[in-house]
Amino acid sequence: MTLSNHRPSGIRATGFLITAGILIAAVPHGAAQLPVKPQRQSGTAHEADVIVYGGTSAGVVAAIQTSRMGKQAILIEPTGHLGGMTANGLGWTDTGDKRVIGGIAREFYRRIRQHYDQPESWSFEKREDYDRYRPGDSEMWTFEPHVAENILQSMLNDSTVQVVLNQRLDRSSGVRVSGNAIQSISMESGETYSGRHFIDATYEGDLMAAAGVTFTVGREANERYGETLNGNQVRANTHNHRFVVNVSPYQIPGDPDSGLIPEVVNSSAGIDGDGDHRIQAFCYRMCMTRVPQNRVPFPRPSDYDERQYELLFRNFEAGDLRVPMSPGMLPNGKTDTNNNGAVSTDFIGANYDYADATYEQREQILARHESWQKGLMWTLTNHPRVPESVRKHMAEWGLAADEFRENGNWPYQIYVREARRMVSDYVTIEQDCRRIRVVDDAVGMGSYNMDSHNVRRFVTPDGFVQNEGDVQVSPGGPYLISYRSIIPRSGEIGNLLVPICLSSSHIAYGSIRMEPVFMILGQSAATAAVLSQTTDQTLHELPFEQLRARLLRDGQVLDLPPDIRAKRVILPSSLPGVVLDDDQAELTGAWSSSSSVGPYVNSGYRHDGAVGGGQATAVYRFDVPETG
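The sequence shown begins at 4 in my numbering and counts up one residue at a time.
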């Protein structure tokens with residue numbers, strides 16, 4: 004894990020040649036030739052009440068809320084498309100408890116429903132045949148990528164928001180700060196944008212970092228915040244996304260002297276709970292289809308190298324015949340395709356440098372991801388070392404021809420599941436997600452699993468490869484997200500809000516990082532910015548009661564449902580002496596985890612479920628600090 008409150012230095016940049024936000028020339032992601040860095044020029048100065056950098060779903064919602072509150076917003080998106088992952092394949096929405104999704108976020112999903120209410124919206128499927136279209140629902144939570152982008156654009160068209168596309172922040176010297184306030188931000192093109200408040204709605208936290216706000220990258224050690232699911236998670240390896248058969252990681256199977264095959268980290272299992280610099284894997288959420296008239300074959304990358312897929316081949320040959328993808332069905336016979344299994348669409352270990360990388364380095368990382376994932380799909384469909392049953396299944400699929408038309412039917416945006424995370428006066432942690440801590444200044448709610456995808460591959464003591472880092476643990480219901488988590492520390496930048504790369508630990512972010520939550524926090528961030536201006540108070544001085552009243556007025560959900568309560572939990576730090584909890588035990592046999600009956604220490608307890616004939620064991624090893 005790294006911690007920084009310094010601006011990156013020596014940032015180089017590549018990208019589009021732009022004048023006043025109009026694209027002149029571009030090279031798409033994954034192209035072999037990187038675009039030439041534009042020369043910084045003295046551009047036009049622009050001004051608005053709120054400047055939103057990042058046209059993600061959170062950024063779009065923040066800009067709309069600013070407009071609805073009577074202030075002028077400029078929404079700046081570095082690429083040519085709005086919506087972030089909501090419009091780039093993540094159409095099978097990670098909702099959690101839908102009761103806590105309110106405000107503009109819920110309005111968006113209501114507009115999705117209204118779109119699919121129209122008969123003309125169904126071209127490759129009958130509405131009555133799609134099981135996620137339910138007659139009694141007011142909202143719809145699954146949708147095609149282009150539909151999401153069009154609806155977000157329609158919502159912007161109903162506002163006064165000025166949208167600027169294809170403008171990237173000059174991360175090395177483009178943020179002008181006076182005292183503890185951002186005065187203006189400049190793009191690589193020279194265009195400058197001034198405002199009273201700024202919102203960083205990027206997945207990377209680029210504006211936050213360039214402004215000198217404290218942030219972190221990687222996994223904290225469990226001991227940092229008293230968590231149980233952070234850091235190295237070797238013992239948590241009971242999920243579906245692991246090797247369930249023995250696969251050798253060596254060039255010559257079984258021979259360590261032959262060296263490791265690609266994408267295996269030459270490291271041991273490590274110590275559970277230790278922190279590191281690594282982040283969870285990225286992938287592209289492909290939109291696929293089996294509809295012949297709308298299907299495009301998976302392309303074979305020009306730099307295809309079958310050696311990159313040796314782990315895949317060996318995993319099949321060892322007997323794991325699972326098809327390594329998870330297609331969630333969207334309307335019109337399309338999919339939101341996610342990772343599934345030991346070797347799948349997540350390019351594990353290829354993104355460690357992404358968060359702080361230069362634009363040029365990021366383009367190279369993205370190109371590797373795109374090539375690897377396209378090569379994976381081509382391999383699954385065509386390579387003779389893939390079982391015939393899998394190849395036959397994959398031959399039915401292809402990319403949807405009517406999505407991402409400008410990019411070869413490939414998503415414009417990679418799924419950045421995690422990058423930088425701000426470190427503020429309040430850090431949302433596992434205990435918040437589990438409602439062991441309950442804040443009194445909520446500006447939104449989460450409810451999805453604490454969900455981290457795999458982070459690395461390592462060699463086990465037995466000489467086999469294994470994945471590590473995947474955690475999927477329910478928080479046990481909705482939880483509150485603090486206002487203090489979306490504003491920097493007192494004494495740092497006082498006019499910046501960060502609804503995506505907010506102040507949270509790695510494992511808490513695993514739950515927060517869902518698109519509906521980002522929209523919720525984007526609306527709350529904009530509301531705080533406008534109220535700060537209308538009351539002439541700083542973000543840190545703004546009375547929370549006033550913010551809460553406006554959020555509730557605009558439909559946000561800020562209170563736990565009546566059936567959800569804070570948990571009766573005993574923290575180890577509150578007990579005298581040496582505390583031994585079930586997470587510290589060496590377990591054998593079948594154990595089940597639970598948090599149904601309190602009170603208990605930390606996150607829950609284990610029981611054998613009255614199965615196994617009493618053969619399960621738990622062994623505790625510890626050092627006695629003193630005799631007595």
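Quick reminder that beta carbons are idealized off the backbone N, C-alpha and C, glycines included.
Check	Outcome
Classification of G497 by the beta-carbon crowding that lies within 10 angstroms, buried from 16 upward	buried
Cβ contact check for the stretch 550 to 564 and the stretch 98 to 108: 3 or more pairs under 8 Å	yes
Contacting residues, own chain, Cβ-Cβ under 6 Å from N341 (five flanking each side not counted)	S329
Which of helix, strand or coil DSSP assigns to D339	strand
Coil, strand or helix - R330 by DSSP	Checking the displayed sequence, the identity of residue 330 turns out to be Pro instead of Arg. In this structure, P330 counts as strand in the three-state DSSP scheme.
Reduced DSSP category for N470 - H, G, I as helix; E, B as strand; rest coil	strand
Uninterrupted alpha helix (DSSP H) stretches inside the stretch 126 to 206 (no shorter than 4 residues)	148 to 160
Cβ-Cβ separation, V220 to R423 (assumed contact under 8 Å), whole Å	6 Å
Coarse secondary structure for Y623, derived from DSSP in three states	coil
Own chain, CB closer than 6 Å to R199, minus 5 neighbours either side, in chain order	D52, Q536
Cβ neighbours of G46 in the same chain (closer than 8 Å, five flanking residues each side left out)	A23, S189, M190, S192, G193, E194, T195
Status (buried if at least 16 other CB within 10 Å, exposed otherwise) for Q540	exposed
Which residues DSSP lists as bridging Q635, in chain order	Outside the shown range of the chain (4 to 631) lies residue 635, about which nothing can therefore be said.
Through-space distance from Y206 to N235, alpha-carbon basis	23 Å
Cβ-Cβ distance between G344 and H244 below 8 Å	yes
DSSP-derived helix/strand/coil call for V446	strand
Cβ-based burial, R568 [other Cβ within 10 Å; buried from 16]	exposed
Start and end residues, beta strand (DSSP E) containing R460	459 to 462
First through last residue of the alpha helix (DSSP H) which encompasses Q254	No alpha helix (DSSP H) contains Q254, which is instead part of the beta strand (DSSP E) from 253 to 255.
M72 beta carbon near the ligand GTP (any heavy atom closer than 7 Å)	Among the components modelled here there is no ligand, and therefore nothing to report on the ligand GTP.
In chain order, each alpha helix (DSSP H) run of at least 4 residues that lies wholly inside the stretch 223 to 309	225 to 228
Beta-ladder partner(s) of M425, from DSSP	F218
Which listed residue (I77, Y486, R394, V63) has its alpha carbon closest to that of D444	Y486
Straight-line gap, N249 to L583 (C-alpha atoms, nearest Å)	33 Å
Option nearest R114 by Cα separation, candidates G276, N354, W144	W144
Length of the line joining the Cα atoms of H280 and V268	14 Å
Beta-bridge pairing of W95 - partner residues as DSSP gives them	T145
R3 classed as buried or exposed, judged by whether at least 16 other C-beta atoms fall within 10 angstroms	Here the chain has residues from 4 to 631 only, and residue 3 is not among them.
Status (buried if at least 16 other CB within 10 Å, exposed otherwise) for R171	buried
Three-state secondary structure assigned by DSSP to T382	helix
Residue from V63, A151, D173 with nearest C-alpha to S162	V63
Assigned exposure category for P546 - 16 Cβ within 10 Å defines buried	exposed
Element boundaries [beta strand (DSSP E), containing G322]	Careful: G322 lies outside any beta strand (DSSP E) and carries neither H nor E.
Beta-carbon gap between S506 and V430 smaller than 8 Å	yes
Among P300, V462, D275, A214, nearest to T382 - alpha-carbon criterion	P300
The stretch 517 to 528 in contact with the stretch 413 to 421 per 3-pair CB rule at 8 Å	no
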